[in-house]
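Numbering (my numbering), first residue to last: 345 to 1260. Cβ atoms here follow ideal geometry from the backbone N, Cα and C, with glycine treated the same way. The structure under discussion appears below in the form of structure tokens.
Given below as structure tokens:
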């Protein structure tokens, strides 16, 4: 159907809602379908991907970089913006692309879209300066008056124009960085690569003039209109607008100022961020004087941006507060305190409901705990207010909410009902208990109802016992059917008289059947979902992982290959997966010259995996290839750590020297250890290492206690090198590393923690940074030295892992599998079976996090939503722990002292149960 052009002067809210939401509303390319088809007949190449439709002219001159044009649009204006632009673009010789679907346009304009990516509906790659100038003017004229947001990473062609420009990569220059990731670059005037960053502000290259002769007219001011509000601090920047702390000069009080940018988040009803902010102001005025929300102060508009001013509340975010106070003893949840907090949240909701407000976004992120212990609600843009007759509501954002925390019916555009907030209350309490949102990745097809999955989260052995009251409340609230949810009155009554005893979840036993289902499910899933042979990666990776070297350990195929070799060594048949993984690795190594030394982000880990696969398969060509590869890696390297640097390379040399007897590899390992030791920075904090500030690395300047980048991982390598080479200076350095870590530790109820770097307040518990990685080194140091201090610290690290295990995700690097592997190390170092039982409880928690894909049990990656294959965050690292849990053996990609093989230390096998 033909709709009128949606232009700035039109009142979008006056458009008939039935039209705006009609299934016949055109997709971006629908109005120009015939023109697109004709362009193909004229020689244009049209390619469609998941998000973009790309068109290349019949004759195209490759360009590495240049000035590119972007044209913005909203989901409403996009079909007409494209209709206006397409004839101009097809008459040019410029390559261009546009967002393929309305869903893609909505994502580009979403409140949460990264500021550097937002708004870019059409991207044009002019072949030369003349084309740039001509196209910018023609596109500006053609789209004049149509709606679209400002593109923050670009400069506007003219005030109010939808046409924007920035300098960046065309075909691009992609460079492998010293950190093992790929960086998109442009070349400066000297031909040196400069990273092509699309940021939330325009930044022209320093070596080029502005092609349109525009000067930067941006003025930064801390004073908002009429001089009343003086900004004192930026709280955050977001695509929809900023949030600021400010001084109200009229009252001398501190306030919060929230900004909404025009045409951001425009939905099919024509509402954008400004409407949502105005609605929030309406809700605050409605709730004025209740003490439940911030007080409304002001609402004003400046240059089409809308600003809401509200009372500043000096409270702590609910997440932060829960992390800080809901511990008692060994990480146990205080029954009285947790019940009291649950009661406060329920009474807050009751007060809102009594005033005709349904929150619709009642989440830990939107709650503040005040110094007096009361709780306030913030960010009410989705709240519904009852007006007039019972069925009348003032509400925006039908179908919106926070996944896992908003009720399921809300996403189905159900009318507002107080019962929706009951679900959110239960989900928030579940976060309080387990630090998890019930935003579970879906079973595809569905295998278990939501209620069963919530019960499983509460049933495994928790790090803290669960109050019977809270368990009953959560299970009563987090229910799919609104009619089955527990009432607020019942929640308040239960929390006013909580059950005095704590109920420990029964210790569910880890079973062989669970192992079989998880391992066989993961392997079957990998076979079933592998991409075609032409794809460089057979399986998806995390967003960060996609930017990393595809044949490394952490986010590439080397980790998967090493796991397949472990399975082969234990008589499991994985030939089909070898056929998927091995050709890609070998082809990639043939195509490019690879010399990065890191064990996890470089190619020493790739050599390790190739060697193991060659031995498992009886293929000398692979073992020989592995040795050639590792001997060609860079040995003069500024980074001393395990994952990216010389300690990782040296660890690989030690492993391969031990397996082959190759004296040259042993000498290279010693050289690495000498270089690492020479780079140490001893000081008042002990023996540490600093990655040089001059190094082209995201880690430059970093000083860490952890295993991945710091003292623990380097100490583990030096300890292993000492055993292999008989070098007392290496052994002494390893002991100094251990003493440095003992000094830096803190103890809380028997659990030992470390800051991730000197002076930091954050104390993680992961393999990469924190207790699990540091314990990994200290238990190795104990097996060599017999020094009980290191053992006590290792056990303290294990307690920290157990006290926080319910909060952990499924990534090896920073989650359950890596933590579980450390517990297996500790079991091997002490001979105490209790630590193996602790490792099995880790596996039990992994089991509780499983999802199903076509009937196969698999684990989601670090984000909890997607299934990816990598070692650091996905399936391969999960399998590495599970395989070792069942079959034993040495820990993959880790340095072991020469006195400790296969995770056992027979000479120190006495039980240390009294220390647990």
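Check	Outcome
Beta-carbon proximity list for residue 429, same chain, < 7 Å, skipping 5 on both sides	415, 466, 483, 486, 487
Check whether residue 651 and residue 603 have beta carbons under 9 Å apart	yes
Anticipated Cβ contact below 8 Å, residue 826 with residue 763, distance rounded	4 Å
When 579, 878, 687 are compared against residue 838, the one with the closest alpha-carbon	687
Contacting residues, own chain, Cβ-Cβ under 7 Å from residue 504 (five flanking each side not counted)	none
Helix, strand or coil at residue 534 according to DSSP, with G and I counted as helix	coil
Backbone secondary structure at residue 1215 - three-state DSSP	coil
Rounded C-alpha distance that separates residue 1141 from residue 1124	13 Å
Which of helix, strand or coil DSSP assigns to residue 449	helix
Three-state secondary structure (DSSP) of residue 396	strand
Nearest residue (CA-CA) to residue 539, options 1143, 531, 615	531
Proximity winner among 901, 749, 959, relative to residue 1213 (alpha-carbon distances)	901
Inter-residue spacing [alpha-carbon to alpha-carbon] between residue 705 and residue 1216	33 Å
Whole-number beta carbon distance between residue 997 and residue 1051, since they are thought to touch under 8 Å	Actually they do not touch by this definition, with Cβ atoms about 19 Å apart.
Residue 957 burial status per 10 Å Cβ neighbour count (16 or more: buried)	buried
Proximal residues to residue 770 (C-beta, below 6 Å), its chain only, five neighbours per side dropped	818, 821, 822
Beta-bridge pairing of residue 1092 - partner residues as DSSP gives them	1095
Exposure of residue 712, with buried meaning 16 or more beta-carbon neighbours within 10 Å	buried
Beta-carbon spacing of residue 980, residue 1019 below 9 Å	yes
Validate contact between the segment 884-892 and the segment 519-530 using beta carbons, cut 8 Å, 3 pairs	yes
Residue span of the alpha helix (DSSP H) that contains residue 519, given as start and end	Not the alpha helix (DSSP H): residue 519 falls in the beta strand (DSSP E), residues 517-520.
Inter-residue CB distance, residue 1102 and residue 1029 (contact presumed, cutoff 8 Å)	5 Å
Spatial distance of residue 1255 from residue 757 (CA atoms)	Unreliable positioning characterises residue 1255 in this predicted model, as indicated by a pLDDT of 40, which lies under 50. A coordinate reading is not provided.
Opposing strand residues paired with residue 730 [DSSP bridges]	737
Residue nearest to residue 898 in terms of C-alpha spacing, selected from 946, 922, 878	946
Residues near residue 863 by beta carbon distance below 7 Å, same chain, minus five either side	1223, 1226
Buried or exposed by the 16-neighbour rule on C-beta atoms within 10 Å, applied to residue 1190	buried
Reference residue 720, options 709, 729, 728, closest by Cα	709
Residue 585 beta carbon less than 9 Å from that of residue 617	yes
As assigned by DSSP and simplified to three states, the class of residue 1026	strand
DSSP state of residue 379 mapped onto helix, strand, coil	helix
Backbone CA spacing between residue 1071 and residue 1065 [nearest angstrom]	8 Å
Cutoff 6 Å; reference residue 311; Cβ partners in own chain excluding five residues on either side	With the chain covering only 345 through 1260, there is no way to say anything about residue 311.
Contact under 9 Å by Cβ, residue 1170 with residue 910	no
For residue 766, three-class secondary structure by DSSP	helix
7 Å Cβ shell around residue 636 - same chain, five flanking residues per side excluded	692, 695, 696, 720, 721
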